[in-house]
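Read through the structure below, which is laid out as structure tokens, and then see the notes.
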Amino acid sequence: MQKHKLNKLIIFFIFYILSLFIFKVCIYNIMPLLSIFNDLYLIAIFIFIILIVIIKYYLEYKIFDIFSPWISFPLLYFAVYGIGAIRWIYEGYYPVDKMVIIAIGGIIFYYLGSLVKLRGWKIDKYNEWNSSEAYLLTVFILFISVTGFILFIINAGTVPLFLPDKLESRISLMDKGGHYLIYLARLSSFSFIITLVMYLVNRRRNVFRVIIGNRIINYKLYLLLTFSLSFLIMISTACRTDIFFIFIFPLIIYYYYKDDYNNVHKYLILLCILFIGLFVFGYYRLYGGNDEALNYLAQKADSPFKMLIRYIQIQIAVYSGNFGIILTSVPDIIPYMHGKCILTTLSTILPGKQLDVGEYIKYALKMNFKGGGINPTILGELYLDNGLVEIMIGMFIYGIIVSNAYRHMMEKKSTSSIIIYSYLCYVLLIGTLGGILSQLARWYYGFWVLAICFLLNKRILYKIVSE
Numbered sequence: 053m054q055k056h057k058l059n060k061l062i063i064f065f066i067f068y069i070l071s072l073f074i075f076k077v078c079i080y081n082i083m084p085l086l087s088i089f090n091d092l093y094l095i096a097i098f099i100f101i102i103l104i105v106i107i108k109y110y111l112e113y114k115i116f117d118i119f120s121p122w123i124s125f126p127l128l129y130f131a132v133y134g135i136g137a138i139r140w141i142y143e144g145y146y147p148v149d150k151m152v153i154i155a156i157g158g159i160i161f162y163y164l165g166s167l168v169k170l171r172g173w174k175i176d177k178y179n180e181w182n183s184s185e186a187y188l189l190t191v192f193i194l195f196i197s198v199t200g201f202i203l204f205i206i207n208a209g210t211v212p213l214f215l216p217d218k219l220e221s222r223i224s225l226m227d228k229g230g231h232y233l234i235y236l237a238r239l240s241s242f243s244f245i246i247t248l249v250m251y252l253v254n255r256r257r258n259v260f261r262v263i264i265g266n267r268i269i270n271y272k273l274y275l276l277l278t279f280s281l282s283f284l285i286m287i288s289t290a291c292r293t294d295i296f297f298i299f300i301f302p303l304i305i306y307y308y309y310k311d312d313y314n315n316v317h318k319y320l321i322l323l324c325i326l327f328i329g330l331f332v333f334g335y336y337r338l339y340g341g342n343d344e345a346l347n348y349l350a351q352k353a354d355s356p357f358k359m360l361i362r363y364i365q366i367q368i369a370v371y372s373g374n375f376g377i378i379l380t381s382v383p384d385i386i387p388y389m390h391g392k393c394i395l396t397t398l399s400t401i402l403p404g405k406q407l408d409v410g411e412y413i414k415y416a417l418k419m420n421f422k423g424g425g426i427n428p429t430i431l432g433e434l435y436l437d438n439g440l441v442e443i444m445i446g447m448f449i450y451g452i453i454v455s456n457a458y459r460h461m462m463e464k465k466s467t468s469s470i471i472i473y474s475y476l477c478y479v480l481l482i483g484t485l486g487g488i489l490s491q492l493a494r495w496y497y498g499f500w501v502l503a504i505c506f507l508l509n510k511r512i513l514y515k516i517v518s519e
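In the numbering used here, the protein residues as written are 53 to 519.
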């Protein structure tokens, strides 16, 4: 039996190495032969591959788990690189055939990675967290985040949401107020997430069963308090990523605690509403400063509502357009970063002003649009870092990590396994649009997810609470 498994493993890795070589040769040498296919046919092949995997998953597991590694991420991935690319077919700005073929190759290597099953994962030791410890941690987090938020307002004089020019001025205001203070303020979301988790694992849903000074804390009231504070802080940054985090991450956690596989349509509707809400918020940020963008929209539509619809249409295509910009600029104009993508991202947390990856691309190409840098997308940042090789290896690794975290969660259904997988799922979804390696927030939130799971799993706060 062991020899049979070893043979399968050897065959798999031989196939993987050959696929790496063949895929790279196809992109550079066989591309002209593929020009006989219409770009729309390539997109049809793209969605066919994704649907085949979804059907296979459903037949194997007999459930339609929308947040599994084989459904939500591939569908959003197709929306960005498939549906989003349709606009560029007609406008002819970018090499759509190359974009779609690379995207197909990326998702195939992601699927190959998801076939690798790791053994011996030990994410947590305890199935549940202690309510008293969790409550103490949420109070500490709220204190730190609110303090950081107040200090930021003192330094900056206001918050980005109140600025007339939210796109451009929020960047300079964050520099003035202190990026590290904003990141401290962003911790507030974890007070809500921890409280939500304890609400879901607590059998007595009406009361938060934590006694502090002989008093019982009302759970629902505390849940509302933590959500309200974290939402107000997160929306004040005027960053759509923060709003996405405060809604999507808890939604995935809630979904897996409820095992709500029979109400998938409700979550699909919620996801659509959230994405539309993010587009509306992005449209709202244009007012008061980005006259150039508003004038462009006004030329294409004769009412604010039609301008909003036009804005949403542009936003659907802009991410594949960003990928097209990177494909046509690297390495001819912008050299490969050769592993510096992560270092550049992590350096932005240091005092002073350091360019992130999106800003680096923006200034290297002499772009002059308002706001921060461009969102490189999950494929764009990999291509910028090391070309096609990193796309293949990177997507393969993503497939390994996320699929094994999912299998572990479905097997254990423990608190930490649900939270860690939910965060990885969130990262894949938001990273499809903005990137993973190039966004400091992904690393920052990920660090605190692991830190919180470690603290509450190991019962480090137990002695403090019991005294």
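Cβ atoms here follow ideal geometry from the backbone N, Cα and C, with glycine treated the same way. Predicted model only: the values in this text are computed from it and were never measured.
Taking each of Y336, T396, Q367 in turn and checking the Cα distance to P356, the smallest one comes out for Y336. Considering only A493, Y309, S399, S490, the residue with the shortest C-alpha distance to V253 is Y309. Within the same chain, Cβ atoms closer than 6 Å to the Cβ of I394 are found at L489, the five residues on either side in sequence being excluded.
The beta carbon of A131 is closer than 8 Å to those of I368 in its chain, skipping five residues each way along the sequence. Taking 8 Å as the cut-off, the beta carbon of L203 is found no closer than this to the beta carbon of D149. If you check the CB distance, L492 and I426 do not come in under 8 Å. The alpha carbon of I298 has as its nearest neighbour, out of R238, D312, L322, L338, the alpha carbon of R238. Counting only residues of its own chain and dropping the five nearest sequence neighbours on each side, I156 has a CB closer than 6 Å to the CB of F98. Q491: not part of any alpha helix (DSSP H); DSSP gives it neither H nor E.
For I196, the closest C-alpha among the options G165, I366, I472, Y232 is that of Y232. Restricting attention to G486, K465, N456, the CA atom closest to the CA of G432 is found in G486. The straight-line gap separating the alpha-carbon atoms of F296 and L480 is approximately 13 Å.
The continuous alpha helix (DSSP H) containing A457 extends over residues 429-464. For Y251, the enclosing alpha helix (DSSP H) starts and ends at 240-253. Taking a 10 Å sphere around the C-beta of S280, we find fewer than 16 other C-beta atoms and assign the residue as exposed. The beta carbon of M461 lies closer than 8 Å to those of Y308, S469, I470, I472, Y473 in the same chain, with the five residues before and after it left out. The C-beta distance from S183 to M226 rounds to 36 Å, too long to meet the 8 Å contact threshold. Taking a contact as a CB-CB distance under 8 Å, the pair T289 and P212 counts as one, their CB atoms being some 6 Å apart.
Judged by DSSP secondary structure, A131 falls outside any alpha helix (DSSP H); it is assigned neither H nor E.
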